[in-house]
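Dropping the structure here:
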C-alpha cells in the first residue's frame, strides 16, 4: 500500500512551467497559419433583420467568412441544446431553437478567416447588421414574471424550481430562542484567468478536425463539436495543452465549435492551413460564461445552546441567457 500523507510528490508538469518551456494555447505556433476573428453580436436581446458581408469580404486578405448558414446543426449546450453556435439568418433549420435572436452580448454572429490578424479585424468591423431591439430582461425577479421570455419555446424563464421540505417547521420555530433573518447577494464573477481564450484548429493526418485549446471537459467539448458539425465522435479531436487557469470559466464553450467549423469548411475548399485565434482580455470578459449571481433570503432559528432548530431559505440563481450547467 502506497502512503501519500506526509510526502511530497513530483509533479510531471512542474519543470516545464517553472522554466517557461510549457506551451499554453496562446503560445502554439504553426507555420503559414490563417487568422480567425470571432465577431460578437454586442446585443443583449435583439432580433437580426439583415446581415451584409459584402464590404467585409472585399477586404484584401480575407479568405472566408462563416455565419449561421454554414453550421450544420446550429445549437449547443452542456445539459440542453439552447444556445445557437452563431446567431444569424438562413440557418440550416436543423436546430430546435430560433437562430435569429441574440440573447447575450457574447453571442457569435460570424467568424472571419484571413491571411493576417489585421485583415480579419478590419473585415469584422465592416460586417453590417440590422437589429430589431427586444425588451431587456436584466433582473432575476423580472425574469420570474415571464412577461418577456428569452426562450419563448420553453414557455418560462425558469430553468429549474427545486423544493426541499423536511420536518415540522412550526415546531422548529416554537423551539427557537433566537431567530435571525437576512438577505444576501453574491454578484456575477469574472474568472479572469491568466491565459485568455486561444486555440488552433486543423484537419489532422487521420482526417479528424482537431482543436488545440484550453478547457475543462475534453469529452464534452468533443461531443458538442461533433453535434454542431454533424460529425461522428471519432472524426473530432480535442487537445488541451497547459490550461492557463479556469476556475469554472472554461466549463462551457468559447471558440471550440467555430474554430472547428472554419477548419472543416476550408478543408472542403482545399485549404489545409491551420487556423489560429486569440481573444483579447476584453473579448474574454465578454465571450465566456460567468459564475452565477445569487440572491438568498433566509431565516434561521436556534436555541440558546447553539442548536439550529429551523431553517427557511429562498435562493435565486441567475443563470443568464442560457442554461449551461444551471440545472
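In the working numbering, the protein residues as written are 2 to 328. Heads up, the beta-carbon is just placed ideally off N, CA and C, and yes, glycines get one too.
- Within the same chain, show all residues whose beta-carbon is closer than 8 Å to that of residue 1, passing over the 5 residues directly before and after it, in chain order. Any answer about residue 1 is impossible in this case: the structure gives the chain only from 2 up to 328.
- What number of angstroms, rounded off, separates the C-alpha of residue 34 from the C-alpha of residue 274? Taking the chain shown and counting its residues from 1, one reaches residue 34 at position 33. Taking the chain shown and counting its residues from 1, one reaches residue 274 at position 273. For residue 34 and residue 274, the distance between alpha carbons rounds to 5 Å.
- DSSP three-state assignment for residue 268, whether helix, strand or coil: Counting from 1 along the chain shown, the entry for residue 268 is found at position 267. The answer is helix: DSSP assigns residue 268 an H, G or I state.
- Task: Decide if residue 136 is buried, meaning its Cβ has at least 16 other Cβ atoms within 10 Å, or exposed.
- Result: Your numbering for residue 136 matches position 135 in the chain shown. By the 16-neighbour rule on beta-carbons within 10 angstroms, residue 136 is exposed.
- Are the Cβ atoms of residue 67 and residue 263 separated by less than 8 Å? Taking the first residue of the chain shown as 1, we reach residue 67 at position 66. Taking the first residue of the chain shown as 1, we reach residue 263 at position 262. The answer is yes: Cβ separation under 8 Å.
- Message: For a quick check, are the C-beta atoms of residue 61 and residue 199 less than 8 Å apart?
- Response: Against the chain shown, residue 61 aligns to sequence position 60. Against the chain shown, residue 199 aligns to sequence position 198. Cβ distance not < 8 Å, so residue 61 and residue 199 don't count as in contact.
- Under 8 Å by Cβ, that's how I've got residue 124 and residue 63 pegged, so tell me the actual separation to the nearest angstrom. Within the chain shown, residue 124 is the residue found at index 123, counting from 1. Within the chain shown, residue 63 is the residue found at index 62, counting from 1. Residue 124 to residue 63, Cβ: 5 Å. Contact.
- Message: Once the 5 residues before and after residue 84 are set aside, which same chain residues still bring their CB inside 6 Å of it?
- Response: Here residue 84 corresponds to residue number 83 of the chain shown, with the count starting at 1. Around residue 84: 77, 78 and 323.
- Message: For a test of the three-state rule: what should DSSP assign to residue 226, helix, strand or coil?
- Response: Numbered from its first residue, the chain shown carries residue 226 at position 225. Three-state DSSP puts residue 226 in a helix.
- Item | Given 8 Å, three or more beta-carbon pairs between the segment 2-22 and the segment 169-188 | These segments do not touch.
- Among 286, 241 and 126, the one whose alpha carbon lies nearest that of residue 202: For the purposes of this step, residue 202 is identified with residue 201 of the chain shown, where counting begins at 1. For residue 202, the closest alpha carbon among the candidates 286, 241 and 126 is that of 241.
- Query: Are the CB atoms of residue 183 and residue 304 nearer to each other than 8 Å?
  - Reply: Taking the chain shown and counting its residues from 1, one reaches residue 183 at position 182. Taking the chain shown and counting its residues from 1, one reaches residue 304 at position 303. By the CB criterion at 8 Å, residue 183 and residue 304 fall outside the cutoff.
- Out of 306, 235, 278 and 285, point me to the one whose CA is closest to residue 37's CA. Along the chain shown, one-based indexing puts residue 37 at 36. Out of 306, 235, 278 and 285, 278 has the C-alpha closest to the C-alpha of residue 37.
- Message: From the DSSP secondary-structure annotation, give me the bridge partner or partners of residue 9.
- Response: As a working note, residue 9 is residue 8 in the chain shown. Residue 9 pairs with nothing; no bridge assigned.
- Where does residue 121 fall in DSSP's three states? What you label residue 121 is simply residue 120 of the chain shown in a count that begins at 1. In the three-state scheme derived from DSSP, where H, G and I count as helix and E and B as strand, residue 121 is classed as helix.
- Message: Does residue 132 come out as helix, strand or coil in the three-state DSSP assignment?
- Response: The residue given as residue 132 occupies position 131 in the chain shown. Secondary structure at residue 132: strand, using DSSP grouped into helix, strand and coil.
- Message: Since residue 46 and residue 141 should fall inside the 8 Å C-beta cutoff, what is the C-beta to C-beta distance between them, to a whole number of angstroms?
- Response: For the purposes of this step, residue 46 is taken as the residue at position 45 of the chain shown. For the purposes of this step, residue 141 is taken as the residue at position 140 of the chain shown. About 15 Å; that fails the 8 Å criterion.
- Query: Run through DSSP, which three-state label would residue 211 get?
  - Reply: As a working note, residue 211 is residue 210 in the chain shown. Correct three-state label for residue 211: strand.
- Tell me whether residue 38 sits in a helix, a strand or coil according to DSSP, three-state version. On the chain shown, residue 38 is found 37 positions in, with the first residue counted as 1. Looking at residue 38 - three-state DSSP - the assignment turns out to be strand.
- Message: Give me the residue from 321, 166, 171 and 151 with the minimum Cα distance to residue 293.
- Response: Position 292 of the chain shown, counted from the first residue, corresponds to residue 293. Nearest C-alpha to residue 293: 321.
- Query: Just curious, the alpha helix (DSSP H) that residue 200 is in, first and last residue?
  - Reply: Within the chain shown, numbered from 1, the residue matching residue 200 stands at position 199. In the DSSP assignment, residue 200 falls outside any alpha helix (DSSP H) and within the unbroken beta strand (DSSP E) covering 199-204.
- Determine the burial state of residue 162: buried for a count of at least 16 other Cβ atoms within 10 Å of its Cβ, exposed for fewer. Here residue 162 refers to the residue found at position 161 when the chain shown is read from its first residue. By the 10 Å Cβ count, residue 162 comes out exposed.
- Task: List the endpoints of the continuous alpha helix (DSSP H) containing residue 175.
- Result: Residue mapping note: residue 175 aligns to position 174 of the chain shown, counting from 1. Per DSSP, residue 175 belongs to the alpha helix (DSSP H) from 170-176.
- Looking at C-alpha atoms only, which residue of 195, 251 and 16 is the closest neighbour of residue 215? Locating residue 215 in the chain shown gives position 214, where the first residue counts as 1. Ranking 195, 251 and 16 by Cα distance to residue 215 puts 251 first.
- Message: When you compare the CB positions of residue 92 and residue 100, do they come within less than 8 Å of one another, or not?
- Response: Along the chain shown, one-based indexing puts residue 92 at 91. Along the chain shown, one-based indexing puts residue 100 at 99. In this structure, residue 100 lies closer than 8 Å to residue 92 by Cβ.
- Message: Using 8 Å for Cβ pairs, my map puts residue 74 next to residue 96. What's the rounded Cβ distance?
- Response: Walking along the chain shown from the start, residue 74 turns up at place 73. Walking along the chain shown from the start, residue 96 turns up at place 95. The C-beta separation of residue 74 from residue 96 comes to about 6 Å, placing the pair in contact by the 8 Å criterion.
- Message: Which same chain residues end up closer than 6 Å to residue 313 when comparing Cβ atoms and leaving out the 5 residues on each side of it in sequence?
- Response: In the chain shown, the residue the question calls residue 313 occupies position 312. For residue 313, where only same-chain residues beyond five positions count, the Cβ hits under 6 Å are 300.
- Determine the DSSP secondary structure at residue 71, reduced to helix, strand or coil. Taking the chain shown and counting its residues from 1, the one referred to as residue 71 is at position 70. Helix.
- Task: Could you name the residues that DSSP lists as bridge partners for residue 218?
- Result: Within the chain shown, numbered from 1, the residue matching residue 218 stands at position 217. Secondary-structure assignment with DSSP links residue 218 through no beta bridge to anything.
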